[in-house]
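Visitor:
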Ligand code: HEC
Ligand code: HEC
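In full-length UniProt numbering, the protein residues as written are 1 to 438.
1. Using only the heavy atoms of ligand 2, determine whether one of them is closer than 6 Å to the beta carbon of residue 425.
2. Are residue 434 and residue 351 touching if we call contact CB-CB under 7 Å?
3. Whole alpha helix (DSSP H) runs in the segment 161–185 with 4 or more residues, listed along the chain?
4. What separation, rounded to the nearest whole angstrom, lies between the Cα atoms of residue 298 and residue 236?
5. Could you tell me the distance, in whole angstroms, from the CA atom of residue 33 to the CA atom of residue 359?
6. Comparing C-alpha positions only, which one of 81, 204, 211, 312 sits nearest to residue 253?
7. Along the beta strand (DSSP E) that carries residue 292, what are the first and last residues, could you check?
8. In terms of residues, what are the limits of the alpha helix (DSSP H) holding residue 71?
9. In terms of alpha-carbon separation, which member of 111, 134, 381 lies closest to residue 283?
10. By the three-class DSSP mapping on this structure, what secondary structure does residue 191 have?
11. Please tell me whether, using a cut-off of 6 Å, the distance from the CB of residue 175 to the nearest non-hydrogen atom of ligand 1 is below it.
12. Might you give, ordered along the chain, the residues of its own chain that have their beta carbon closer than 6 Å to the beta carbon of residue 376, omitting 5 neighbours on each side?
13. What would DSSP say about residue 300, mapped onto helix, strand or coil?
14. Can you tell me which of the three DSSP states residue 117 falls into?
15. For residue 412, I'd like the list of residues in its chain whose CB is within less than 6 Å of its CB, leaving aside the five on either flank, ordered along the chain.
16. Does the distance from the C-beta atom of residue 274 to that of residue 169 stay below 7 Å?
17. Would residue 387 and residue 342 qualify as a contact pair, given that the criterion is a beta-carbon distance under 7 Å?
18. Looking only at its own chain, which residues have a Cβ that is under 6 Å from the Cβ of residue 196, when we skip the five neighbours before and after it?
19. Could you pull the start and end residues of the alpha helix (DSSP H) that residue 330 belongs to?
20. Does the pairing of the segment 213–222 with the segment 261–281 give three or more beta-carbon distances under 8 Å?
21. Using the rule of at least 16 other Cβ atoms within 10 Å of the residue's Cβ for burial, across every protein chain shown, is residue 23 buried or exposed?
22. With 16 other CB atoms within 10 Å as the buried threshold, where does residue 355 fall?
23. For ligand 2, any of its heavy atoms closer than 6 Å to the Cβ of residue 315?
24. Report buried or exposed for residue 426, applying the criterion of at least 16 other Cβ atoms within 10 angstroms of its Cβ.
25. What residue range is occupied by the uninterrupted beta strand (DSSP E) comprising residue 152?
26. Skipping 5 residues on each side, what residues in its chain have a beta carbon closer than 6 Å to that of residue 268?
27. Given a threshold of 16 other Cβ atoms within 10 Å of its Cβ, counted over all protein chains shown, does residue 84 qualify as buried or as exposed?
28. When the Cα atoms are used, what is the spatial distance from residue 143 to residue 184?
29. Please say whether residue 396 and residue 194 have beta carbons closer to each other than 7 Å?
30. Would you kindly work out how many angstroms separate the C-alpha atoms of residue 118 and residue 321, rounded to a whole number?
31. Would residue 440 be called buried (16 or more neighbouring beta carbons within 10 Å of its own) or exposed?
32. If you measure from the CB of residue 171, is any heavy atom of ligand 2 nearer than 6 Å?
33. Could you give the DSSP three-state label for residue 144: helix, strand or coil?
34. Based on Cα-Cα distance, which residue from 384, 383, 416, 366 lies nearest to residue 398?
35. Please find out if some non-hydrogen atom of ligand 1 comes closer than 6 Å to the beta-carbon of residue 244.
36. Looking at the unbroken beta strand (DSSP E) that takes in residue 279, where does it start and where does it end?
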């Protein structure tokens with residue numbers, strides 16, 4: 001049932017990473033049992049998602065279980081997996097917030113406020129200026145209302161005063177934004193949309209627990225970027241925060257295709273970056289592999305299926321009306337499939353060959369990295385790159401893993417030069433319009 005589906009072989013490779021206990025020795029019967037159980041699960045997931053059903057041809061996605069999706073939404077938005085251990089006990093972010101992070105400061109580093117969590121009185125108070133947006137106490141009030149996207153605060157009333165006792169983060173911190181319908185940074189949640197205003201490095205650098213050298217690295221990243229390997233391999237090369245939408249049918253996750261399903265990477269980030277309680281092991285990563293266990297309990301494994309289902313339910317957003325020229329886009333499609341040679345890799349309905357193959361660093365126009373920055377692929381599990389799926393690509397400039405192309409036009413120019421395509425400026429313009437239409 002699974003032998004003709006290459007992603008299942010990739011799944012087998014990554015299975016060790018989702019085994020909650022050390023996978024070695026790999027010949028132990030226990031390990032193989034888990035391996036088969038995981039493989040079978042991966043096979044079922046892949047089958048319902050269309051793998052083996054004609055590859056990158058249009059795939060009919062099996063309907064997701066609505067109850068599982070709803071559960072996943074709660075986890076995506078509000079679950080810290082117990083990562084207060086990292087953000088409170090180690091990094092002391094509760095103290096930082098209480099002392100210095102008023103709402104204006106929070107918004108200035110890209111944190112977002114969920115307007116739907118605000119009671120009418122607070123909305124009115126913000127509008128008429130009686131809610132003080134320059135006081136950290138207001139941030140604590142917002143945390144108490146569960147209104148700061150991706151940040152979970154535990155607030156206790158001590159001697160009549162609200163005190164932030166614990167703070168942790170959720171997936172929504174980086175992978176949700178808001179529609180700014182109330183004010184800039186305040187509005188309805190847009191889950192799966194990368195928060196490209198967020199400056200995670202600048203936020204982490206506020207922690208008193210870090211060395212000057214660490215702070216310098218965190219402060220070097222800038223908005224919309226995060227290095228999810230720095231705290232593992234000590235190297236510095238921040239990545240653009242990607243969308244968590246439009247991934248249904250893509251069985252190759254992260255820009256380097258490290259896992260065959262979303263849950264692989266959710267476990268990686270949940271444990272090694274967020275500091276959630278659980279275990280992540282993958283000996284393939286970088287030169288030394290990664291093996292991290294936080295806590296003595298596992299607050300992640302049981303949540304991964306629902307969390308994955310929620311992300312699979314998030315479709316890429318269609319381009320806004322009037323955001324591209326349809327006639328030019330139509331011409332650009334011909335360039336994409338013809339002289340631009342784009343469809344040789346960005347093939348099929350998902351615009352990617354990721355379910356079949358990855359690409360060597362030498363084939364990819366986004367490397368070499370900027371001077372002094374280590375190759376991102378070299379720090380990954382596969383050491384290669386996945387052809388990026390392109391649905392909704394209009395939404396998330398800058399482009400490529402390292403953000404080296406600021407616009408879609410810059411992407412096309414980069415290909416034209418690096419691959420010596422010889423496209424005319426009219427063809428470049430048309431191809432750009434086509435990308436905007438996806
Ligand atoms: C601090 C910011 C941050 C947090 C928190 C975070 N991520 Fe990410 N996420 C990233 C970055 C950066 C990448 C890019 C990694 C890569 O491609 O190598 C990424 C990659 C991903 C991808 C891969 C997308 C693709 O195209 O294959 C998914 C899916 C994802 N994250 C979901 C999640 C979920 C679910 C959580 C919570 C468990 C989470 N992330 C927490 C920053 C974050
Ligand atoms: C050899 C295979 C290959 C070919 C040919 C190719 N691409 Fe790509 N493309 C990739 C890979 C791999 C990535 C991911 C690179 C990265 O993340 O740095 C990518 C990334 C992109 C992105 C950025 C997506 C994002 O989310 O940031 C765009 C846009 C894109 N390609 C468009 C094109 C266009 C237009 C063409 C034709 C001119 C083309 N590609 C030709 C493999 C290819």
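All C-beta atoms in this analysis are idealised placements derived from N, C-alpha and C, irrespective of residue type, glycine included. Every value quoted in this text rests on a predicted model; they were computed, and no experiment measured them.
Guide: Working from what's here:
1. no
2. no
3. 172–175
4. 29 Å
5. For residue 33, the predicted model reports a pLDDT of 34, less than 50, meaning its position is unreliable; a value from the coordinates is still stated below. Rounded to the nearest angstrom, the two C-alpha atoms are 32 Å apart.
6. 312
7. 290–294
8. 66–78
9. 381
10. strand
11. yes
12. Taking C-beta separations shorter than 6 Å and ignoring five residues to either side along the sequence, the partners of residue 376 in its chain run 237, 401, following chain order.
13. coil
14. DSSP places residue 117 in helix when its eight states are reduced to three.
15. Same-chain partners within the cutoff: 428, 431, 432.
16. yes
17. no
18. 224
19. 326–337
20. No, because fewer than three Cβ pairs between the segment 213–222 and the segment 261–281 fall closer than 8 Å, the two stretches do not touch.
21. Residue placement at residue 23 is poorly supported in this model, since its pLDDT is 32, which falls under 50; the coordinates still yield a value, given next. That one is buried.
22. buried
23. no
24. exposed
25. 151–158
26. 280
27. Within 10 angstroms of the beta-carbon of residue 84 lie 16 or more other beta-carbons, which makes it buried.
28. 18 Å
29. Taking C-beta atoms as the reference points, residue 194 and residue 396 count as a pair closer than 7 Å.
30. 30 Å
31. What the structure shows of the chain is the stretch from 1 to 438, and residue 440 is not part of that stretch, so it cannot be assessed.
32. no
33. helix
34. 366
35. yes
36. 278–282
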